Amino acid sequence: SLLTRAALGEAGRPISPMRMFRIQMSTKAMTNIVPGGSAAGPALGYRLLTLSGVRGPDAGFALATAGIGSALVLNLIFWLALLISIPRGVSNPFYVLAAIAGLMLMLTAAFLVMGLMDGQGRAERALRWIARKLHTDEDRAARVIRRIASRLEEVLKNPGLMGRVAGWATVNWLLDAASLWVFLRAFGGTLDPISLLVAFGLGNIVAVIPITPGGLGIVDGVYLPTLVGFGLTRSTASLGFASYRIAQFFLPVVVGGLLYLSLRVGPFRIERREERLASLRELARDDDITRETRVDWVLRNHEDVHRHPAGRGLSSDPVDGSVGGDPPP
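Here our numbering is used: the first residue of the sequence shown is 19, the next is one more, and so on.
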């Protein structure tokens, strides 16, 4: 949640840290239960952010920045650990697959950034063409791409924001890797930091393959041989990784589902905030309709003076309905 909040920048001010945490856990739960969840999760996050008051382009850009930034940091961690581990002579058939996947991801991210920065006009024309084919509002699509391009320029001109996004992504992955080490250690196994990061990076890079929810089954098939290859016994690797997977994969599904319910129903739901704002807008509208301006007050009392000659029926008491009360502010 801190990573997404950092990517939102000033646009995230309307959202409290607790609400951001609930949104992020809901997104994580969706990612873990739907095949291709890496697309379904951000879609849910986008919906919840916009319901919370964040503009659509800002929400989409923040989620994309957090996702791509996090993936790039993971690949950098993996590549660095892999380069250090090569002299040790440890090999794994999945290394090449993960390295190619990471390289493709980084090249794709670089292509998107350069395309938006240097070819915004071409990107807008392409998006308009796609929108026409899909029978959607091409002007709205163009506004979105322009907004994303402007936000991208802001990010590139703001090293502090880039540093916060990269920093929180690094903290996220390193803490996750540390939790894997703790679970392995609980069953008597241990790994040096480099071997741990290689196994961790390898498993999480392969997890993005959109075949099963959260890479379920695929990740297990990569993690276990890698951990055993680094010297752990099969029983220790199996028990340690299974415990880690329960905490890392299944527990967020339960917690995220409950937090999603809290966002949709109950006293802390998102709509409750919108209902309060709607009530305030209704009161303001009614006040504008019934409020008496100074001009109305003068005209009304001028008519009363002509209707009631001086000394007959006039009263300074506002209760009797004649020339009463002070002029409105």
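By construction, the Cβ of each residue, glycine as well, lies at the ideal position given by its N, Cα and C atoms.
Here the structure is a predicted model, which is why all the values come from computation and not from measurement.
Local conformation of residue i per DSSP, three classes
i, result
"Ser88", "helix"
"Gly235", "coil"
"Ala296", "Per-residue confidence for Ala296 stands at a pLDDT of 46, beneath the threshold of 50, marking its modelled position as unreliable; no derived number is given."
"Met95", "In the sequence on display, residue 95 carries Ile and not Met. Residue state, collapsed to three classes: helix."
"Leu279", "helix"
"Pro270", "helix"
"Leu250", "coil"
"Gly74", "helix"
"Arg263", "helix"
"Ser19", "coil"
"Thr244", "helix"
"Phe79", "helix"
"Trp287", "One point to set straight first is that residue 287 is Arg, not Trp, in the sequence displayed. In this structure, Arg287 counts as coil in the three-state DSSP scheme."
"Thr68", "helix"
Residue i: first and last residue of the uninterrupted alpha helix (DSSP H) it sits in
i, result
"Ala29", "Where Ala29 is concerned, there is no enclosing alpha helix (DSSP H), given that its DSSP letter is neither H nor E."
"Ala196", "Pro177 to Ala204"
"Gly207", "No alpha helix (DSSP H) contains Gly207, which DSSP labels as neither H nor E."
"Arg37", "Pro35 to Ile51"
"Thr230", "Taken as a continuous stretch (DSSP letters only), Thr230 belongs to no alpha helix (DSSP H), as it is neither H nor E."
Contacts around residue i, its chain only, beta-carbon distance under 8 Å, and the 5 residues preceding and following it disregarded
i, result
"Leu257", "Phe205"
"Ala58", "Met48, Thr49 and Val52"
"Leu250", "Leu202, Gly207, Leu209 and Gly258"
"Val273", "Met43 and Ala47"
"Arg23", "Gly30, Ile33, Pro35 and Met38"
Below-8 Å beta-carbon distance, residue i vs any chain C residue
i, result
"Gly87", "Checking the listed chains, one finds no chain C in this structure; it contains a single protein chain."
Close-in-space but distant-in-sequence residues of the same chain around residue i (CB under 7 Å, 5 per side omitted)
i, result
"Gly85", "Pro60"
"Asn50", "Pro231, Gly232, Phe267, Pro270 and Val271"
"Leu242", "Ala255, Ser256 and Phe259"
"Lys151", "none"
"Arg37", "Ser70"
Supposed close pair residue i, residue j - CB separation, criterion 8 Å
i, j, result
"Ala29", "Ala80", "7 Å"
"Gly233", "Val224", "6 Å"
"Ala187", "Leu214", "With 8 Å as the limit, Ala187 and Leu214 do not qualify as a contact, their Cβ atoms being about 18 Å apart."
"Leu277", "Met43", "5 Å"
"Ser103", "Ile33", "Contact flag wrong, Cβ pair sits at about 41 Å."
"Gly221", "Val240", "5 Å"
"Gly63", "Thr45", "4 Å"
Neighbourhood of residue i by C-beta distance below 6 Å, restricted to the same chain and skipping five residues each side
i, result
"Gly275", "Ala47"
"Ala25", "Ala80, Thr83, Ala84 and Val183"
"Tyr262", "Leu198 and Phe201"
"Leu245", "Ala217 and Ala255"
"Ser19", "Met38, Phe39 and Gln42"
"Val72", "Ala29"
C-alpha distance - residue i paired with residue j, whole-angstrom precision
i, j, result
"Ala260", "Val237", "11 Å"
"Ser10", "Leu21", "Shown here, the chain extends from 19 to 347; a query on residue 10 therefore has no answer."
"Ser280", "Phe39", "12 Å"
"Phe248", "Ala149", "50 Å"
"Ser88", "Gly181", "12 Å"
"Leu202", "Leu100", "20 Å"
"Gly207", "Ile95", "22 Å"
"Ile288", "Arg282", "6 Å"
"Thr68", "Val91", "27 Å"
"Gly284", "Leu66", "16 Å"
"Leu301", "Arg31", "In this prediction, Leu301 scores a pLDDT of 47, lower than 50, which makes its location untrustworthy; no coordinate-derived value is stated."
"Pro35", "Leu179", "18 Å"
Heavy atom of the ligand ADP within 7 Å of residue i beta-carbon
i, result
"Thr244", "Ligands in the displayed structure: none, and consequently the ligand ADP is not present."
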